[in-house]
Each structure stands twice: as C-alpha cells, then as structure tokens.
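Take a look at the structure set out below.
Numbering (our numbering), first residue to last: -14 to 135.
Set out below in structure tokens:
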C-alpha cells in the first residue's frame, strides 16, 4: 500500500496534448532513485516502444515496478514531463511502435486498454531524459522520507 495522500490527481489518463507538461510516475528501486536524482534519468536500451524513459500517469502502473524488487525496496518518483510531440501507439505491430522518435516525436503514448500493455494500463515512453524533472518520491506506507533523503 502506497502513501499517496500528497498526490493530487487532476486528470485521468487522457491522451497527452502536445507541448504540455504532465505529472507522471516512475517505479524504481531506492538505489536507482538515488542515481536518478543525482544524475538524471537514462534511456532504457530497448522496450516495447524502443529506447526511452518509461513512465505512466497511472500511479498503480508505476507501483508494480521494478518487478524483481520487494515492495519495501521500491519507490515511485513523481515527475513533471514536458511531452513535446506525442505519437499514439494503440496496437501491437503499429508501424511506428519502435521508430516514433525517428519520425519527429518526443513521446510515445499507449492508451489504457489498447492491448499493448499486459496490465491494460497506460504507458508513456519519453525519448529525451531532459524532458523529465523529478518532483518528489512516494514510498510504501512502511517507509517515510522525502526524495532529498534518498
């Protein structure tokens, strides 16, 4: 169970509008969170949407990651993301599924329930880590602290 009382959810996961800033979440380990705060995000080498930083506007999606780490060692980073130009990837085998950035897009967005994500939850992939700013950290209820204390 996550301590989310300080998180204000203003919108349900709707298609991101180009050029706007959105609150999103990234599930990670405490040790990786310290590295992210110190040095910024790094692109994943590959994934369902290719290279980029994987995030979600759905905190429940972020709370499941990383899958191989016990919940007591997990942390969710709350971030602001300047999405830039957004490409909707809404089906398996989409022609731009892994090449969206090569076509001038900054963010790929998989809507909830589109069949791309096993859980059915929304997912975003941001090409440039500099578009992401860490705002806070959300801990499981058994932990306390603020992201500066990582």
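No residue lacks a Cβ here, since even glycine has one placed at the ideal position from N, Cα and C.
Could you check what DSSP says for residue i in three-state terms: helix, strand or coil?
i: residue 104; result: coil
i: residue 114; result: helix
i: residue 125; result: strand
i: residue 86; result: helix
i: residue 58; result: helix
i: residue 47; result: helix
i: residue -8; result: Residue confidence for residue -8 is low, a pLDDT of 39 falling below 50, so the modelled location carries little weight and cannot support an answer.
Kindly identify the DSSP beta-bridge partner or partners of residue i.
i: residue 10; result: 41, 63
i: residue 92; result: 71, 111
i: residue 119; result: 64
i: residue 29; result: 37
Do you know whose CA, among the options, lies nearest residue i's CA?
i: residue 102; options: 87, 116, 78; result: 78
i: residue 18; options: 4, 51, 8, 37; result: 51
i: residue 97; options: 73, 116, 89; result: 73
i: residue 104; options: 49, 119, 37, 0; result: 49
i: residue 25; options: 38, 34, 31; result: 38
i: residue 83; options: 29, 107, 124, 7; result: 29
i: residue 54; options: 16, 80, 88; result: 16
i: residue 22; options: 80, 91, 119, 90; result: 119
i: residue 0; options: 31, 92, 44; result: 92
i: residue 43; options: 123, 122, 116, 108; result: 108
Quick check on the DSSP output: the alpha helix (DSSP H) that includes residue i runs from which residue to which?
i: residue 22; result: 15 to 24
8 angstroms is my cut-off, CB to CB: does residue i come that close to chain D?
i: residue 54; result: Of the protein chains in the structure, only one exists, and it is not chain D.
Evaluate the contact criterion for the segment 60 to 69 versus the segment 108 to 119: three or more CB pairs, one atom per stretch, below 8 angstroms. The segment 60 to 69 vs the segment 108 to 119: in contact.
Are three or more beta carbon pairs between the segment 56 to 66 and the segment 6 to 14 nearer than 8 angstroms? Under the 8 angstroms Cβ criterion, the segment 56 to 66 counts as touching the segment 6 to 14, having at least three qualifying pairs.
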